Amino acid sequence: GAVVSQHPSWVICKSGTSVKIECRSLDFQATTMFWYRQFPKQSLMLMATSNEGSKATYEQGVEKDKFLINHASLTLSTLTVTSAHPEDSSFYICSARAPGDQTDTQYFGPGTRLTVL
Amino acid sequence: TQLLEQSPQFLSIQEGENLTVYCNSSSVFSSLQWYRQEPGEGPVLLVTVVTGGEVKKLKRLTFQFGDARKDSSLHITAAQPGDTGLYLCAGGSKSTFGDGTTLTVKP
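In order, the protein sequences belong to chains A and B.
Per the working numbering, the very first residue in the first sequence carries number 10; after that it's consecutive.
Per the working numbering, the very first residue in the second sequence carries number 8; after that it's consecutive.
So, in structure tokens, the structure goes:
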């Protein structure tokens, strides 16, 4: 149980284009999902908390107009990187908490490698 | 802001050796999680510790939560090349992550 998927697993795009990444909880409903960014050989950096049916909560320094998050259903959250530039190239990972779990345990997707040319 | 400090940052050992990774904070956590991540993949949950003083074992891995719930350790016995990866501790409602420990086990 508690399986999270991401799509696509990797994407290459041209500078100036937008890219959408999907995060799905496969066997449970997630009212809250999280989006992280990870640079090579570094830890995960929380970008935003995605809440079903409401606006995402962004961490300090993360541009909400640049990284659009939509959590339209209890099993799907999307991250859209708008007008992507090479500095947006990174590994993006989403996670979710299982319902009823009283701990802060998160289950992670396999990640999406974004390369902006 | 709850911060987690992991040490060491890098560890390179020979197969068969033992090792310990530490995760420390000045804040109290209701629980801490340990994850292992391989290159190009998402972190995989190893364990969640909840009770102060708790010890959990997962085959050759032993996890301990400090009595005051401010720190945790991961001990690996007889490390194998398959243990190679990035080990991350995390805790808190916003899952604060430590900086990670990159472990390399040489055959």
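We put the CB at the ideal spot given by N, CA and C, even for glycine.
On a predicted model such as this, the values are computed, not experimentally measured, just so you know.
Once you ignore the five residues that flank residue i on each side, which residues in its own chain have a CB closer than 7 Å to its CB?
{"i": "Gly73 of chain B", "result": "Gly59, Ser79"}
{"i": "Ser24 of chain A", "result": "Ala93, His94, Pro95, Val125, Leu126"}
{"i": "Leu65 of chain B", "result": "Leu53, Val54"}
{"i": "Glu68 of chain A", "result": "Leu55, Met56, Ala57"}
{"i": "Ser99 of chain A", "result": "Arg46, Gln47, Phe48, Leu123"}
{"i": "Ser38 of chain B", "result": "Thr55, Val56, Val57, Gly98"}
For residue i, which residues in the same chain have their Cβ closer than 6 Å to its Cβ, ignoring the five residues on either side in sequence?
{"i": "Arg33 of chain A", "result": "Ser14, Thr84, Leu85"}
{"i": "Ala107 of chain A", "result": "Ala11, Phe37"}
{"i": "Arg43 of chain B", "result": "Val51, Leu53, Gly92, Tyr94"}
{"i": "Asn25 of chain B", "result": "Thr84"}
{"i": "Glu61 of chain A", "result": "Thr40, His80, Leu83"}
{"i": "Val20 of chain A", "result": "Val28, Leu123"}
{"i": "Leu68 of chain B", "result": "Ile83"}
Can you name the residues of chain B whose CB is closer than 8 Å to the CB of residue i?
{"i": "Arg33 of chain A", "result": "Those within 8 Å of Arg33 of chain A in chain B number zero; the least Cβ separation is about 13 Å."}
{"i": "Arg46 of chain A", "result": "Result: empty, since nearest Cβ-Cβ is about 12 Å, beyond 8 Å."}
Which stretch, first to last residue, makes up the beta strand (DSSP E) that contains residue i?
{"i": "Ala97 of chain B", "result": "92-98"}
{"i": "Gln51 of chain A", "result": "Taken as a continuous stretch (DSSP letters only), Gln51 of chain A belongs to no beta strand (DSSP E), as it is neither H nor E."}
{"i": "Asp78 of chain B", "result": "78-83"}
{"i": "Phe70 of chain B", "result": "68-72"}
{"i": "Glu24 of chain B", "result": "Run containing Glu24 of chain B: none; DSSP gives neither H nor E here."}
{"i": "Glu12 of chain B", "result": "12-14"}
{"i": "Glu31 of chain A", "result": "28-34"}
{"i": "Ser33 of chain B", "result": "No beta strand (DSSP E) holds Ser33 of chain B; DSSP gives it neither H nor E."}
{"i": "Val62 of chain B", "result": "62-65"}
So residue i contacts chain A; which residues on that side make the cut at Cβ distance below 8 Å?
{"i": "Val57 of chain B", "result": "Thr112"}
{"i": "Gly107 of chain B", "result": "Gln51, Ser52"}
Using a Cβ cut-off of 7 Å, pull out every chain B residue sitting near residue i, in sequence order please.
{"i": "Ser98 of chain A", "result": "In chain order: nothing, as chain B lies at least about 14 Å away."}
{"i": "Ile21 of chain A", "result": "Ordered by position in chain B, no residue passes the 7 Å Cβ test against Ile21 of chain A, which lies about 15 Å from the chain."}
{"i": "Phe43 of chain A", "result": "Ser102"}
Throw me the rounded Cβ distance for the residue i and residue j pair, which I believe falls under 8 Å.
{"i": "Thr88 of chain A", "j": "Ile30 of chain A", "result": "According to the sequence as given, residue 88 of chain A is Leu; it is not Thr. Between Ile30 of chain A and Leu88 of chain A the Cβ distance is about 5 Å, and since that is below 8 Å, they are a contact."}
{"i": "Thr55 of chain B", "j": "Thr114 of chain A", "result": "5 Å"}
{"i": "Pro50 of chain B", "j": "Pro88 of chain B", "result": "No, Pro50 of chain B and Pro88 of chain B are not in contact; Cβ-Cβ is about 20 Å, not under 8 Å."}
{"i": "Cys96 of chain B", "j": "Gln9 of chain B", "result": "Actually they are not in contact, since the Cβ atoms of Cys96 of chain B and Gln9 of chain B sit about 12 Å apart, beyond 8 Å."}
{"i": "Glu45 of chain B", "j": "Pro119 of chain A", "result": "With 8 Å as the limit, Glu45 of chain B and Pro119 of chain A do not qualify as a contact, their Cβ atoms being about 10 Å apart."}
{"i": "Gln47 of chain A", "j": "Ile102 of chain A", "result": "6 Å"}
{"i": "Cys30 of chain B", "j": "Leu11 of chain B", "result": "6 Å"}
Which residues of chain A have a Cβ atom closer than 7 Å to the Cβ of residue i, listed in chain order?
{"i": "Phe104 of chain B", "result": "Ser52, Leu53"}
Considering only residues of the same chain and omitting the five flanking positions on each side of residue i, which have a CB-CB separation below 8 Å?
{"i": "Val35 of chain B", "result": "Ala75, Arg76, Lys77"}
### Message
Restricting to runs no shorter than 3 residues, where is the beta strand (DSSP E) found entirely within the stretch 60-120 of chain A?
### Response
76-82, 85-90, 99-105
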